[in-house]
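First residue of the sequence shown? That's 99 in my numbering, and the numbers climb one at a time after it. The C-beta atom is built at its ideal place from N, Cα and C for all residues, glycine as well. Being a predicted model, the structure only gives us computed values, none of them experimental.
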Amino acid sequence: GSRKPSGAHAHPLLLLGAAISLLVSVGVTLYFNKDMMAGFVATSFGSSLGVATNPATLSADELRRRLQEGRQGMRANKKCEDVPSASCSVKATKESCTADKELAQDCCRSCFNVVCLDTDPACIEWSQSGECYKNPDFMKRTCCYSCSVDPSDPCSHDPSKRPDVAEGDISRIFKRAIKEYAQYEPIVHSQDPWVVSFDNLLSDEECDGIVEAVGGKNGEYIKPSTTAKSVRDEHGRVKLTDVPDPIRTSHNAWCQHAGCYNHPIHERIITRIMGIVGLPHNNAEHMQLLKYGPGEYYKLHHDWIPEQQQALCGPRVFTFFLYLSDVEEGGGTYFPYLNITVKPRRGSAVWWAHGMDDNPWKKDDRTHHEAQPVIAGTKLAANYWIHGSDFKRAMATGCDGRSRGSKRIWRK
């Protein structure tokens, strides 16, 4: 592999020498990559990451409703463009862009191009391995472009910000949960990769409440299972629309209606799950209810969605799968590469990881699994998929990977 950023292990005198050389070459007031660049990027285009509707004019309940429905009104990053009348090709220099805030805004793209530069050919590779947040001082000095929001990409990441789930976090999260949530009777089936079940997560009332919340009081939201695809309707709502899936024969429903996301039992359960995993609520997708009748199944598959690897929300990192009914026979969750079968039992759950612990952006094929056919009875269950970054905001802005792809490779 290539060498690592010298800032990670370089002798302090070498770092000091590099800093002095930079100061001499561009002047103290233009020590741009470390200090001023952050302000420039935020002022010129980073701060445009916001909402199309002023959030101050909306109540907290309205903002929450829009987000749950996939239409919070949030917009993706504004593109950083030049004002045509600003004569940017003439005026935009390193010196003028750093000294004149108004010019930096009017000539956003030109200023970015002349000021925010990579000075090492390995910058992109370093950035794609997370060095922008692991070694921020060195990377800001050396790799301004690779560690900045992309001004041309409305779904741009900020490579300098560490995601909620990054290197080493998957094992840490599982170990903490097992230690702190013993009341749910965790059983560790595997530690590499992690597969953990909870024998006593939900009460009977909570199982029934989830079925009612997601599926509707009369099951009116339950439809034949398909594959989810993000589609924006005429009202601006991003909905998970189902398309036919040849490897699955169950029925399902999504929690994107007020009767679900306002249901007190649904809110209680997702709060419990996100407490166990220790992540913000918005990192999770909308809960999906599943119903399998006799002979129904879901063949071998993985919950990883390749298009989300570079998306603003990042790939799925966890599945938290709830069993809401007992099953007379069959219906287990089978991990063939691990020789693990978790049998459905009302009120229990199984939780597993999708990516590698040392690199959550790399798919762990060992957690391929299948829903074994139900032989007798009915299997009711629910999926709760969790990402390493904010999913619901990414979905509301069309930046969740299923409706718009990033132009840049952010992580490998």
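Look up residue i in the DSSP assignment and say whether it is helix, strand or coil.
{"i": "LYS259", "result": "coil"}
{"i": "SER67", "result": "Lying outside 99 to 510, the shown extent of the chain, residue 67 is not represented and no answer is given."}
{"i": "ALA382", "result": "strand"}
{"i": "VAL212", "result": "helix"}
{"i": "LEU300", "result": "coil"}
{"i": "PRO362", "result": "helix"}
{"i": "LYS510", "result": "coil"}
{"i": "VAL181", "result": "coil"}
Could you tell me whether the Cβ atoms of residue i and residue j are closer together than 8 Å?
{"i": "ASP552", "j": "PRO291", "result": "Since the first residue shown for the chain is 99 and the last is 510, residue 552 is missing from the structure and cannot be characterised."}
{"i": "TYR282", "j": "MET385", "result": "no"}
{"i": "VAL425", "j": "CYS358", "result": "no"}
{"i": "ARG464", "j": "LEU420", "result": "no"}
{"i": "GLN408", "j": "ARG509", "result": "yes"}
{"i": "CYS178", "j": "PRO249", "result": "yes"}
{"i": "GLY228", "j": "ALA197", "result": "no"}
{"i": "GLN226", "j": "ILE507", "result": "yes"}
{"i": "ALA220", "j": "CYS205", "result": "no"}
{"i": "TYR243", "j": "CYS209", "result": "no"}
{"i": "LYS490", "j": "ASN380", "result": "yes"}
{"i": "GLY168", "j": "ARG274", "result": "no"}
Since residue i and residue j should fall inside the 8 Å C-beta cutoff, what is the C-beta to C-beta distance between them, to a whole number of angstroms?
{"i": "TYR279", "j": "ILE363", "result": "Actually they do not touch by this definition, with Cβ atoms about 19 Å apart."}
{"i": "ALA480", "j": "LEU410", "result": "Incorrect: roughly 25 Å between the Cβ atoms, too far for contact."}
{"i": "HIS399", "j": "PHE433", "result": "With a Cβ gap of about 12 Å, HIS399 and PHE433 do not count as contacting."}
{"i": "LYS321", "j": "ASN350", "result": "7 Å"}
{"i": "ASP256", "j": "CYS241", "result": "At roughly 14 Å, the Cβ-Cβ gap does not stay under 8 Å, so ASP256 and CYS241 are not in contact."}
{"i": "GLU383", "j": "VAL472", "result": "No, GLU383 and VAL472 are not in contact; Cβ-Cβ is about 24 Å, not under 8 Å."}
{"i": "VAL212", "j": "CYS195", "result": "6 Å"}
{"i": "LYS389", "j": "LEU478", "result": "6 Å"}
Could you pull out every residue in the same chain whose Cβ sits closer than 7 Å to the Cβ of residue i, ignoring the five residues on either side in sequence?
{"i": "PRO261", "result": "GLY412, GLY486, SER487"}
{"i": "ALA451", "result": "ILE268, PRO291, TRP292, VAL415, PHE416, ASP462, THR465"}
{"i": "ASP306", "result": "none"}
{"i": "GLY391", "result": "VAL472, THR476"}
{"i": "PHE272", "result": "TRP292, VAL294"}
Counting only the same chain and skipping the five closest in sequence on each side, list residues whose C-beta sits under 6 Å from that of residue i.
{"i": "PRO284", "result": "ILE276, VAL294, PHE296"}
{"i": "GLN406", "result": "PRO413, GLY499"}
{"i": "LYS505", "result": "ASP251"}
{"i": "GLN166", "result": "TYR359"}
{"i": "LYS397", "result": "ILE345, GLU468"}
When you measure from the CB of residue i to every non-hydrogen atom of the ligand MN, does any distance come out below 7 Å?
{"i": "VAL247", "result": "Among the ligands in the structure shown, none appear at all, so the ligand MN cannot be discussed."}
Excluding the 5 residues preceding and the 5 following residue i in the sequence, name in chain order all residues of the same chain whose CB lies nearer than 8 Å to its CB.
{"i": "ASP456", "result": "GLU265, GLY266"}
(message) Pairs of beta-carbons, one from the segment 490-498 and one from the segment 439-450, closer than 8 Å: are there three or more?
(response) no
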